[in-house]
Structure formats: structure tokens, C-alpha cells
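Structure, as C-alpha cells:
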Amino acid sequence: MKITSKISKIIIFLIFNIILLIVLYNIPVGSKFLSNICLIKMISGRECWNCGMTRAFLSLLHFKFASAYNFNHKVILVFPLVVFYYLYLWALYIFKKKNKNEWKRKMYISLRFFMVGGLLYYLEWKIIKEISKFIQHM
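At position 105 of the sequence shown the residue is numbered 191 (our numbering), and the sequence of numbers has no breaks.
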């Protein structure tokens with residue numbers, strides 16, 4: 087069954103996102119499970135550049151902004167980008183035109199944007215790590 091009406095797509099958007107928010111809001115932020123889900127931390131024993139981001143996102147959904155910042159300070163940049171990207175994809179789904187190639191092109195552009203952003207994010211983490219090593223040796 088193909089859904090073509092914009093009104094039905096908006097209703098699907100609302101129902102899906104209300105259920106998603108209810109599920110995410112009911113995940114406890116202080117759970118031990120959430121502190122042990124990082125594969126890099128499991129393998130190397132050290133925190134990665136993204137450690138605490140899941141707990142920071144959940145803290146933002148619980149309106150605990152200070153707690154979110156303490157889990158990972160980069161949530162200030164990442165959370166708005168993820169929300170924007172998420173809404174952008176829904177808008178493409180709801181208001182897309184008949185041209186399917188345009189949809190794919192926009193998806194590839196947005197994917198490249200996030201890949202470049204992720205690379206810059208990783209490089210920033212490496213630079214901060216090297217600076218902290220340099221300061222410790224002084």
C-alpha cells in the first residue's frame with residue numbers, strides 16, 4: 087500500500103514521533119547499561135570523543151541541560167544538527183516531488199555533509215587529546 091496523501095503522511099509523522107518521544111523519555115538516564123554501550127571504551131578502556139552522547143541526548147529530552155552538557159559538551163552542536171537532519175528527512179518524505187532522483191541526490195548531499203562533519207568532529211577530538219598530552223608533559 088503506497089501512501090500518497092500529504093495529510094496521511096503528516097498523521098504518520100505525528101503518531102510515529104509521539105511514540106518515539108514516549109519511548110525515549112521512559113529510558114532512564116542514569117542506567118548502568120547506558121554507561122557501557124561504547125564499543126571503543128569496551129575495547130580500549132578509554133573514553134572516545136562521543137562517549138556520553140546518548141546520555142546527553144536523553145538528558146536533553148528530560149530537559150536536564152546541565153546534565154547533558156556534563157555528559158558530553160559537544161551535545162550543544164550535535165543535538166541541533168541531528169534534530170534538523172531528522173526533520174529534513176521527514177520533510178523530504180512528506181513533501182517530495184515525483185522525481186525520485188532528486189530525493190536520492192538530496193540524501194547523498196546530506197550524507198556527505200554529516201560525513202564531513204563527523205570527520206571534523208573526530209579531528210577536533212584528536213587535536214584536543216594531543217594538546218592535553220602536551221600540557222601534561224610540561
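Every residue, glycine too, gets a C-beta built ideally from N, C-alpha and C.
These numbers were taken from a predicted model, which means no experiment stands behind them.
Item to check | Meets three-Cβ-pair contact criterion under 8 Å: the region 124-140 and the region 176-183 | outcome: no
Next on the checklist: Quick check: the Cα distance between Lys160 and Leu147, rounded to an integer number of angstroms?
Outcome noted: 16 Å
Next on the checklist: Rounded to the nearest angstrom, what separates Phe181 and Met128 at their Cα positions?
Outcome noted: 42 Å
Next on the checklist: On the CB-based measure, 16 or more other CB atoms within 10 Å of its CB, does Ser145 come out buried or exposed?
Outcome noted: buried
Next on the checklist: Could you give the first and the last residue of the continuous alpha helix (DSSP H) run that contains Lys95?
Outcome noted: Lys92 to Tyr111
Checklist entry - Assuming Ser196 and Tyr171 make a contact with CB atoms under 8 Å, what is their CB distance in whole Å? => result 6 Å
Next on the checklist: So, under 8 Å CB-CB, Phe149 and Phe165 are touching, yes? Tell me the CB distance rounded to an integer number of Å.
Outcome noted: With a Cβ gap of about 13 Å, Phe149 and Phe165 do not count as contacting.
Item to check | Pairwise C-alpha distance: Gly131 and Ile98 | outcome: 42 Å
Item to check | Chain-order list of residues whose beta-carbon lies under 8 Å from that of Cys124 (same chain, five-residue window excluded) | outcome: Glu133, Cys134, Asn136 and Cys137
Item to check | Under the three-state DSSP convention, the category Asn156 falls into | outcome: helix
Item to check | Distance between Tyr194 and Ile108 (C-alpha atoms, nearest Å) | outcome: 30 Å
Item to check | Neighbour-count burial assignment, Phe151, 16 or more Cβ in a 10 Å radius | outcome: exposed
Item to check | Rounded separation between Leu100 and Leu106 - CA only | outcome: 10 Å
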